Each structure stands twice: as C-alpha cells, then as structure tokens.
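Colleague: Let me begin by handing over the structure; questions about it come next.
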Amino acid sequence: MFLIVSFLLSIMALSGIVSFFNQKNIELSILLPKDIFALRPASFRIRAKNKYFFGLFLLRIKVFNEEAVISYLKGEKIFIVNLTFPERGKHTINEIIISSYFPFYFFRRTRALPVNLEFTVFPYPLKCDISFLIAEGKAKIDSTISKGKSYEGEVTGVRAYSHGDPLKYIHWKATAKTSSLKTKEFSPPAGNPVVVNLSDFSGNLEEKISKTTYALIELTKMGNPIGLKLDNEFYPPETGHSHLRKMLYALAVYKSK
Numbered sequence: 001m002f003l004i005v006s007f008l009l010s011i012m013a014l015s016g017i018v019s020f021f022n023q024k025n026i027e028l029s030i031l032l033p034k035d036i037f038a039l040r041p042a043s044f045r046i047r048a049k050n051k052y053f054f055g056l057f058l059l060r061i062k063v064f065n066e067e068a069v070i071s072y073l074k075g076e077k078i079f080i081v082n083l084t085f086p087e088r089g090k091h092t093i094n095e096i097i098i099s100s101y102f103p104f105y106f107f108r109r110t111r112a113l114p115v116n117l118e119f120t121v122f123p124y125p126l127k128c129d130i131s132f133l134i135a136e137g138k139a140k141i142d143s144t145i146s147k148g149k150s151y152e153g154e155v156t157g158v159r160a161y162s163h164g165d166p167l168k169y170i171h172w173k174a175t176a177k178t179s180s181l182k183t184k185e186f187s188p189p190a191g192n193p194v195v196v197n198l199s200d201f202s203g204n205l206e207e208k209i210s211k212t213t214y215a216l217i218e219l220t221k222m223g224n225p226i227g228l229k230l231d232n233e234f235y236p237p238e239t240g241h242s243h244l245r246k247m248l249y250a251l252a253v254y255k256s257k
C-alpha cells in the first residue's frame, strides 16, 4: 500500500512539474486588428512562441471570455480570438490567462500573463440615410466652410517635378533616391467636399455618433473629401483612410460638453 501511495504521489509531483514547464516556456503577444468597431466581432491575433526545445501541449489561452486552444506548439504560431466590445472608447486587455490539464488531467494549472494593452474602439456604424449630405445645397454650404482649401485624392505615384508644383507635393524620399526633384501624383477626388456634424442626425447622443460614423465611412468610399465638426474641433475635408481614422478616433473618445 505504501508503495502504491508513493507511486501516485510521485506521478502527481511529476505532473505538476511538467505542467509548470509546459506553461512557463510559452511567450504570448497580441496583434491588434487595424480597425475595431463597437458591437462588431474583431479578430485579435495571438502570437504564441515556444521558448524551449521540447514541444508544448494542450494549452488554452483566454482573453476576456474567449478562448483559443493550442494542441501542440513547437516554434511560433498565430491563433485567432474574436472579441466584441459593447461600447466605443478606450479599452484595455490587462492579461492573458493560460491554463492546462496536461499531462495527466489530475488538476488544472492556471497562469495569468500581464499584457496591459490599450486600444481604441470606434463607434458602431449605424446605417442611415446620407443622401442629404451630398445634395448640392449641403455641399455648397460645406465648401464655403473650408473655402480656399485644395483637395487631392490618394497618392498613386511619383513623376518628375514641373515648374509651379507646390513644395508640399514634393516626394522627398524619391527625390533623395534619384537626386532629382520628384512630385507626388494624386488620384482626383470623386465628389464635392462635405463637412459632417452630429446635429445632422436624429436620436440620442450615441445614435448620432453611430450615424455620423456610418456617414464618414460611406462618403469616404465614394471618394468625397470629408470633414467633421465636433463642438470646437474641426477636421477640414480630406480624403484617405488615415484622415478617416482621425475622425473616427475623435468620435470614439467624444464626450458631450
């Protein structure tokens, strides 16, 4: 009887040691999606790296209430965890939980890995009518708000500098490589500039923000230079995804005054 008990205790001790090293030798990091919207699933990539020579087995990685299972890991792999956030604004992932019953399922070992990753969740794009925003009258009014501004589309290439090209359009990297002045080429904007306000839409504050988000995204797809008026903040009409993200960020962190 003593030998049996000793054997079982040895197995349990061995199980604990193996389980400890099975979790200790994993390195995890989170790769954020490019854009995260409230109420929409976003795919967060978890990069798992085995720091040891031997393989790792049967690990569960948990972020909030979502899990991914690592059946076997040797080297490095990417795993997907889909997360949905109910509200716009700043959010933080404080930790990743690692757990495993490996190797003998005697007990479950759990370990918390701190990550403290902060990111911004954009407002939910609530579908609505935006035809009035691109009506001739609205576009004319908005054009007077940003009068004197020139609008260009996305950069599509470079060409040799011509006399009269504005200095701000010079492509300095291409110039340095070729030792001759190069100018950026732009695609033409597809529509008139439009400035969007929260007051353009009905509903409570969150509904107005969501409808404004939808309008900014759709008008950007159409090629219109888009601007945003948000209390005392003004984003002049521009084109391009980076400009859109600036406005979406402003809406994400907006607080009514």
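UniProt numbering numbers the first residue of the sequence shown as 1 and each following residue consecutively. Beta carbons: idealized from backbone N, C-alpha and C, even for Gly. Nothing here was measured: the structure is a model prediction, and the numbers come from that model.
Does the beta-carbon of N224 have 16 or more other beta-carbons within 10 angstroms, so that it is buried, or is it exposed?
Modeller: Flag for N224 reads buried.
Colleague: Would P193 and P166 qualify as a contact pair, given that the criterion is a beta-carbon distance under 8 Å?
Modeller: Going by C-beta atoms, P193 is not nearer than 8 Å to P166.
Colleague: For T212, which of helix, strand or coil comes out of DSSP?
Modeller: If DSSP states are grouped into helix, strand and coil, T212 belongs with the helices.
Colleague: Please state whether the Cβ-Cβ distance between residue 262 and F44 is less than 8 Å.
Modeller: The question about residue 262 has no answer here: the residues shown for the chain are numbered 1 through 257.
Colleague: Give the single residue among K74, F122 and T220 whose Cα lies nearest to the Cα of P33.
Modeller: Taking only the C-alpha atoms, the option nearest P33 is F122.
Colleague: CA-CA distance, A42 and I217?
Modeller: Computed Cα separation, rounded: 17 Å.
Colleague: By the DSSP assignment, the alpha helix (DSSP H) with L244 in it spans what residues?
Modeller: Per DSSP, L244 belongs to the alpha helix (DSSP H) from H241 to A252.
Colleague: According to DSSP, which residues form a beta bridge with T183?
Modeller: Per DSSP, R159 and I170.
Colleague: Going by CA-CA distance only, name the one from D35, G203 and I61 that's closest to S29.
Modeller: Nearest option by C-alpha distance: I61.
Colleague: Identify which residue in I36, R40 and L56 has its Cα closest to the Cα of I26.
Modeller: Looking at the Cα atoms, L56 is the closest of the given residues.
Colleague: Start and end of the beta strand (DSSP E) containing residue 271?
Modeller: No answer is possible for residue 271: it lies beyond the span of the chain, which begins at 1 and ends at 257.
Colleague: Answer with buried or exposed for I130, where buried requires no fewer than 16 other C-beta atoms within 10 angstroms of its C-beta.
Modeller: Looking at its Cβ environment, which holds 16 or more other Cβ atoms inside 10 Å, I130 is buried.
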